[in-house]
Amino acid sequence: MIPACPLASLPRGEAFRLEADPPIAVFHTEDGEILAIDDTCTHQDASLADGWLEGCEIECPLHASRFDLRTGRVDAPPAKRPVRTHQVVVEDDVIYVVPSDEEPNLPPGVTLKGQA
Amino acid sequence: MNTVCVVGASLAGLLTARALRAQGYAGRLVLVGEERHRPYDRPPLSKDFLRGAVGEADLALEGEGEELGIEWRLGVAATGLDAVARRVTLSDGTSIRADGIVIATGAAARELPGSRELAGVHTLRTLDDARALRGDLESAKRMVVIGGGFIGAEVAATARDLGLDVTLVESGTAPLAGVLGHSMAEAIATLHERRGVRLMRGAYVTELTGTERVDGVRLADGTHLPADVVVVGIGAIPNTSWLEGSGLELGDGVVCDEGGGTSVPGVVAVGDCAAWFDPAQGDHHRIEHWTGARQRAAVAAATLLSGGTARPEPARPAYFWSDQFDIKIQFIGHARHADSVTVEEGDLADHSFLAVYRQGDRPVAVLGVNQVRLFTRWRRHLETAPVQAG
Chain A
1 MIPACPLASL
11 PRGEAFRLEA
21 DPPIAVFHTE
31 DGEILAIDDT
41 CTHQDASLAD
51 GWLEGCEIEC
61 PLHASRFDLR
71 TGRVDAPPAK
81 RPVRTHQVVV
91 EDDVIYVVPS
101 DEEPNLPPGV
111 TLKGQA
Chain B
1 MNTVCVVGAS
11 LAGLLTARAL
21 RAQGYAGRLV
31 LVGEERHRPY
41 DRPPLSKDFL
51 RGAVGEADLA
61 LEGEGEELGI
71 EWRLGVAATG
81 LDAVARRVTL
91 SDGTSIRADG
101 IVIATGAAAR
111 ELPGSRELAG
121 VHTLRTLDDA
131 RALRGDLESA
141 KRMVVIGGGF
151 IGAEVAATAR
161 DLGLDVTLVE
171 SGTAPLAGVL
181 GHSMAEAIAT
191 LHERRGVRLM
201 RGAYVTELTG
211 TERVDGVRLA
221 DGTHLPADVV
231 VVGIGAIPNT
241 SWLEGSGLEL
251 GDGVVCDEGG
261 GTSVPGVVAV
271 GDCAAWFDPA
281 QGDHHRIEHW
291 TGARQRAAVA
301 AATLLSGGTA
311 RPEPARPAYF
321 WSDQFDIKIQ
331 FIGHARHADS
341 VTVEEGDLAD
351 HSFLAVYRQG
361 DRPVAVLGVN
371 QVRLFTRWRR
381 HLETAPVQAG
């Protein structure tokens with residue numbers, strides 16, 4: 001379990017980029033849910049935390065593929081592969097992320113720092 | 001509706017096919033493509049693909065395991081349309097009768113006269129074009145790029161990054177001035193010059209020189225620019241000649257209403273070949289940007305399936321991106337409506353800034369250069385309060 005940020009520092013509609021390897025984006029939706037996915041778009045190196053949050057979907061800031069924060073599923077090209085989702089725990093007003101143990105779907109040219 | 005034929009197997013064609021399925025169409029779906037390739041993404045062709053950073057498999061547009069129940073007819077061109085009978089004739093002598101037809105044949109690179117006879121002269125539109133250019137770049141030292149639009153500016157940047165001596169010939173004041181306006185285009189031009197691209201502004205090409213292989217470019221003022229490889233990026237022409245005599249109304253592209261409906265019921269058009277009516281601008285025009293094709297695919301599918309009764313959502317302002325060197329350029333709106341442009345964040349000289357174009361007090365366009373997060377906020381602002389005609 002990785003501590004991400006205090007709950008109070010992530011208002012609704014905002015995102016936080018957690019510098020894990022690979023980075024994880026934590027979202028606080030307008031409906032009050034807190035959800036975490038891999039931060040890197042599976043198409044090209046872009047931070048989804050910089051994207052456009054609408055409901056439970058985040059639109060990549062560069063090329064507008066949308067990912068479902070609950071399932072990681074992508075809606076349309078140019079991205080083709082889903083992002084991983086991560087479990088979120090809120091304890092004592094701190095947001096924690098439990099990283100997925102699946103393999104991440106990273107875009108061409110992006111590797112894990114541990115493998116660089 | 002039992003059979004839909006989508007003519008054109010690129011982004012617009014594939015996404016319209018996908019949208020038809022998503023909107024409940026379960027009948028026969030035929031997708032005709034002139035190229036032999038499955039649908040692929042074109043933007044990387046002038047950048048990461050040309051540089052060798054991504055391969056052909058990375059360009060595929062279909063999702064992994066995606067099964068749309070499509071009958072593929074690749075490697076055949078549509079040669080004619082009987083719009084009344086809704087029959088598409090193909091280059092292999094066969095034809096397809098369909099209840100609904102989607103025209104998504106795109107646009108072809110405009111060429112310079114005489115350029116086909118000379119080796120080393122390229123246009124860049126298709127995967128095969130990009131393969132050929134990439135092959136030539138391996139041995140080339142000097143490149144001349146003709147035309148400072150997106151293709152020209154991107155190819156010049158990529159080739160410069162690969163270490164070539166690059167000259168970009170632009171007939172206007174600066175590359176991209178038409179879309180970005182003069183002051184912001186100047187900032188991008190400075191970037192190119194600083195990275196070593198030689199810019200020839202206000203210059204016109206009169207001749208490609210060489211016998212079997214190109215050896216240079218002659219300008220109207222007599223200047224001769226030596227080159228081993230020349231890229232011609234002077235715009236695109238909609239692929240609609242196969243529709244002549246079909247009864248479909250044609251202008252600069254297939255003339256469509258704001259939902260992609262053509263002058264013939266049961267026929268819609270989408271992508272670079274289609275000139276949709278734009279209520280905000282009050283005219284028909286083609287949008288050659290990637291995002292335009294993507295946003296319009298679902299609308300065209302709804303128009304076709306509803307028999308033209310579906311009411312499309314108001315069009316979003318045009319958004320495009322371009323990557324040049326390590327610079328991400330993002331733009332939304334129409335610069336030509338603006339009477340002022342101000343840098344709101346960053347600095348032109350640092351190549352990291354955000355500029356807002358205004359008509360009076362109202363933002364009508366936004367340019368982001370390496371300002372991804374801030375640009376997204378502005379983009380949302382403009383898309384949720386759509387730009388109106390001035």
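Respectively, the protein sequence lines represent chains A and B.
Taken in order, the first sequence gives residues 1 to 116; the numbers are from UniProt numbering.
Taken in order, the second sequence gives residues 1 to 390; the numbers are from UniProt numbering.
The beta-carbon is built from N, C-alpha and C at its ideal position, and this holds for glycine as well.
Query                                                                                               : Result
Contacting positions in the segment 70-98 of chain A - beta carbon closer than 7 Å to chain B       : A76, P77, P78, K80 and R81
Coil, strand or helix - B/F150 by DSSP                                                              : helix
For B/T192, three-class secondary structure by DSSP                                                 : The residue asked about is misnamed: residue 192 of chain B is His in this sequence, not Thr. Residue state, collapsed to three classes: helix.
Min CB distance A/D39 to chain B below 7 Å                                                          : no
Nearest-angstrom beta carbon gap, A/P104 and A/Q44 [assumed within contact, 8 Å]                    : About 15 Å; that fails the 8 Å criterion.
Cβ-based burial, residue 391 of chain B [other Cβ within 10 Å; buried from 16]                      : With chain B running from 1 to 390 in the structure shown, residue 391 of chain B is simply not present.
Those residues which DSSP pairs with A/Y96 across a bridge                                          : A/P3 and A/V89
B/L74 beta carbon less than 7 Å from that of B/G8                                                   : no
Partner residues on chain A for B/E64, Cβ-Cβ distance less than 7 Å                                 : K80 and R81
Counted within 10 angstroms of its Cβ, other Cβ atoms place A/L35 as buried (16 or more) or exposed : buried
Exposed unless 16 or more other CB atoms sit within 10 angstroms - verdict on B/A347                : It is worth fixing the name first, because residue 347 of chain B is Asp in this sequence and not Ala. Exposed, since its Cβ has fewer than 16 Cβ neighbours within 10 Å.
Beta carbon of B/A153 nearer than 7 Å to that of B/P175                                             : yes
Interface flag, B/A9 vs chain A, CB-CB below 7 Å                                                    : no
Segment limits, alpha helix (DSSP H) that includes B/A298                                           : W290 to L305
Own chain, CB closer than 7 Å to B/L374, minus 5 neighbours either side, in chain order             : E345, L354 and G368
Cβ neighbour criterion (16 or more within 10 Å) applied to B/R379                                   : buried
Nearest to A/V83 (by Cα), restricted to the options A/A15, A/P77, A/G72 and A/V90                   : A/G72
Where the segment 34-65 of chain B meets chain A: residues whose CB sits under 8 Å from a CB there  : D41, P43, D48, A53, V54, G55, D58, A60, L61, E62, G63 and E64
Residues near B/V255 by beta carbon distance below 6 Å, same chain, minus five either side          : E249, A275 and H284
Closest Cα partner of B/S171 within the set B/Y204, B/G135 and B/L118                               : B/Y204
Environment of B/A389 [buried if 16+ CB atoms lie within 10 Å]                                      : With a pLDDT of only 42 at B/A389, under 50, the local geometry of the prediction cannot be trusted, and no value is derived from it.
Cβ-Cβ distance between B/L20 and B/A301 below 7 Å                                                   : yes
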